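Down below is the structure, laid out as structure tokens.
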Amino acid sequence: MEKVRIGILGLGAISGIYLKNLTGLFKEVEVIGVYDLVPEKTEQAQKEYGIHRAYTSMEEMLQDEEVEIVLNLTRPFEHYATTKAALLAGKHVYSEKPLAATLEEGKELVALAREKGLLLAGAPDTFMGAAIQTCRKLIDDGFIGRPIGATAQMICHGHESWHPAPAFYYQYGGGPMMDMGPYYMTALVNLLGGVKGLTGLTAKSFETRTITSEPQCGTVIPVEVPTHVNGILQFVNGAVATVTTTFDVYYDRQDKLEIYGTQGTLRIPDPNCFGGSITLLRPEDGSFKEIPLVFDYQENSRGLGVADMAKALRTGRACRADCSQTLHVLEIMTAFEKSSREGRYLELETTYERGPAMAHNPVRGILD
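Residue numbering for the sequence shown follows my numbering, starting at 22 and increasing by one per position.
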């Protein structure tokens, strides 16, 4: 297959793993250019990864007729404007999570992409990795019986202790649900299907945060968004899940994701990762047993969704991280705060149907 040419917009902390994988791992794509608002980042990425073009502006990238897909790695509150600009320029777009900061923005982007006949997809792509795909096979093959419930928890005390520029996590488009929720909500809808409705309660426990990481150590930043989110999801299939994401709690582990069925319980590894340890409890066993991973992509394979999108572009099939998924996840995440504010159960506007599972052991390429 002819490689799909990619331009990368934004070169922040997450860009390193994308650049590494898209230039050295996935055969479906070719990164032909990069751009960041900080010229030094653009020059460094071009030099380190042997990329042909270092653009001097976003407009220059969007005017490059050779760029087919724009990989949008800008900050969350910039996703709407930058993705819209790329779509208007006739580019397919794969965006880091979330799709946008509000449901209204997300719906506008999806409508624009469909109007122009362009692909729009986005992170996270961890659900395509070995762990979630193995869990999906276990569920689809009946190892836990009929799914009846789930628990999802992301617990930490924020990112200001390690991230070099953490202020955006507490600004419009940020918070624990919008930052880490995409991994958990995407995993849940891929394992259990679409969400019918939800209730939520949110809180902002601290008005300010103090950065303790370098180079901004000691800087005090305002908190503009909820930093503790609790909710209950009702899935179309009848399953009910409890959800917690927080930047306010000290705890000895960050992730918990479990699926409960009529015949067993499945413990799923961190959905922010591609691999990890899966354990299954069935009543005849009496204890959790580790299940081997039966799919490829156990290591950090960010960019897998971009490669899948490239294959979809060349073959005409749907991409697995399509905007129907990212929009549904966006509505779930933003509905928690809306439910809390309005004090009521919300039925969701968007719907989602699970696409096909990954091909067994694709071995470094998207085979189907």
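Just so it is clear, CB atoms sit at the ideal spot from N, CA and C, and this is done for glycine as well.
Please read all numbers here as calculations on a predicted model, not as lab measurements.
{"Query": "The segment 206 to 224 contacting the segment 355 to 366, beta-carbon criterion three pairs below 8 Å", "Result": "yes"}
{"Query": "Endpoints, beta strand (DSSP E) assigned at His113", "Result": "His113 to Ser116"}
{"Query": "Sub-9 Å separation of Arg74 and Gln67 beta-carbons", "Result": "yes"}
{"Query": "Under 9 Å between C-beta atoms of Thr207 and Gln346", "Result": "yes"}
{"Query": "Member of Arg274, Arg335, Val257 and Gly138 whose CA lies at the smallest distance from the CA of Val210", "Result": "Val257"}
{"Query": "Opening and closing residue of the beta strand (DSSP E) in which Val216 lies", "Result": "Val216 to Ala224"}
{"Query": "Whole runs of the alpha helix (DSSP H) within the segment 124 to 148, excluding any shorter than 4 residues", "Result": "124 to 137"}
{"Query": "Chain-order list of residues whose beta-carbon lies under 8 Å from that of Asp161 (same chain, five-residue window excluded)", "Result": "Ala378"}
{"Query": "Reference Tyr366, options Gly252, Lys62, Pro187 and Asp200, closest by Cα", "Result": "Gly252"}
{"Query": "Pro145 burial status per 10 Å Cβ neighbour count (16 or more: buried)", "Result": "buried"}
{"Query": "Contact set for Lys24: own chain, Cβ-Cβ below 8 Å, skip 5 residues either direction", "Result": "Lys48, Glu49, Val50, Glu51 and Ala331"}
{"Query": "Leu92 vs Ile27 beta-carbon contact at 9 Å", "Result": "yes"}
{"Query": "Alpha-carbon spacing of Ala142 relative to Leu30, whole angstroms", "Result": "15 Å"}
{"Query": "contact_flag[the segment 318 to 325, the segment 133 to 142] where n(CB pairs < 8 Å) is 3 or more", "Result": "no"}
{"Query": "Sequence-distant residues of its chain with Cβ nearer than 6 Å to Glu117 (five each side left out)", "Result": "Leu94 and Ala144"}
{"Query": "Enclosing beta strand (DSSP E) for His249 [first to last residue]", "Result": "His249 to Phe256"}
{"Query": "Bounding residues of the alpha helix (DSSP H) (the contiguous stretch that carries Asn42)", "Result": "Ser36 to Gly45"}
{"Query": "Integer-rounded CB distance, given that Met82 should sit under 8 Å from Gly54", "Result": "6 Å"}
{"Query": "Opposing strand residues paired with Asn93 [DSSP bridges]", "Result": "Leu30 and Ser116"}
{"Query": "Option in Asp85, Glu279, Gln174 and Ala339 with minimal Cα separation from Tyr272", "Result": "Gln174"}
{"Query": "Buried/exposed call for Leu212, threshold 16 Cβ in 10 Å", "Result": "buried"}
{"Query": "Cβ shell of Pro236 (< 7 Å), same chain only, five flanking positions each side left out", "Result": "Pro185"}
{"Query": "Contact under 9 Å by Cβ, Thr355 with Met199", "Result": "yes"}
{"Query": "Contact under 9 Å by Cβ, Gly202 with Val250", "Result": "yes"}
{"Query": "Residue from Gly297, Arg96, Tyr191 and Leu140 with nearest C-alpha to Arg335", "Result": "Leu140"}
{"Query": "Where the beta strand (DSSP E) through Thr172 begins and ends", "Result": "Pro168 to Ile176"}
{"Query": "Neighbourhood of Val241 by C-beta distance below 7 Å, restricted to the same chain and skipping five residues each side", "Result": "Thr229 and Thr231"}
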